[in-house]
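Count the sequence shown with the UniProt record's numbering and you get residues 1 to 141, in order.
Yeah, the Cβ is synthetic: ideal placement off N, Cα and C, and Gly gets one too.
Computed from a predicted structure; not experimentally measured.
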Amino acid sequence: MSGWGQWSNCSSSCGGGTARRFKQLCCNKTYTTIEKCAKDCKVLQKDYIEKKVCGETCVNGNFTQNKCQCPKRFTGKCCESDACEQGCKFGECKNGKCSCMAFFKGDSCQKPKPWFLVATSVLGTILLMMITCCVCRFCCG
1 MSGWGQWSNC
11 SSSCGGGTAR
21 RFKQLCCNKT
31 YTTIEKCAKD
41 CKVLQKDYIE
51 KKVCGETCVN
61 GNFTQNKCQC
71 PKRFTGKCCE
81 SDACEQGCKF
91 GECKNGKCSC
101 MAFFKGDSCQ
111 KPKPWFLVAT
121 SVLGTILLMM
131 ITCCVCRFCC
141 G
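Following this line, the structure appears as structure tokens:
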């Protein structure tokens with residue numbers, strides 16, 4: 001066998017792609033597959049195909065366990081998007097982070113705070129009672 005060839009392009013720009021390179025085998029005949037040639041030459045696959053992890057670039061995060069770990073203010077496969085690009089439903093974007101209105105929370109200000117749910121529930125009940133009383137007075141009256 002001769003030396004190793006060039007590395008192939010990475011299968012992914014980030015998030016744990018793979019690149020391969022091959023070693024020239026001893027075969028002088030024409031074979032339809034490299035596996036058949038390797039078998040006839042009594043060469044194991046690990047001896048003629050080498051792989052490596054590539055695409056470890058995270059724009060705004062850290063590459064661990066074959067994927068990008070994004071800090072809260074960034075999102076996307078490579079941490080390439082500012083979290084605010086997803087939109088702040090009930091708030092505004094400040095320095096890459098959603099600043100929520102008083103009644104909401106969450107990364108995109110989409111979740112109502114528990115006390116807001118209770119308050120709206122109580123107000124809804126009072127409003128329903130007032131409407132019911134008005135209807136009763138009008139009908140029964």
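| Asked | Found |
| --- | --- |
| Lys23 versus Lys94, Cys37, Lys89, residue with shortest Cα-Cα distance | Cys37 |
| CA-to-CA distance, Asp107 to Lys72, given in whole angstroms | 8 Å |
| Neighbourhood of Ile49 by C-beta distance below 7 Å, restricted to the same chain and skipping five residues each side | Arg20, Phe22 |
| Assigned secondary structure, Pro114 (DSSP; H/G/I helix, E/B strand, else coil) | helix |
| Which residues DSSP lists as bridging Trp7, in chain order | Trp7 pairs with nothing; no bridge assigned. |
| Proximity winner among Gly76, Lys39, Gln110, Ala102, relative to Cys88 (alpha-carbon distances) | Gln110 |
| Of the listed residues Lys52, Trp4, Cys41, Gly3, nearest to Thr18 (C-alpha basis) | Lys52 |
| Contacting residues, own chain, Cβ-Cβ under 6 Å from Glu92 (five flanking each side not counted) | Ser99 |
| Heavy atom of the ligand GDP within 7 Å of Gly76 beta-carbon | The model depicted lacks the ligand GDP and carries no ligand whatsoever. |
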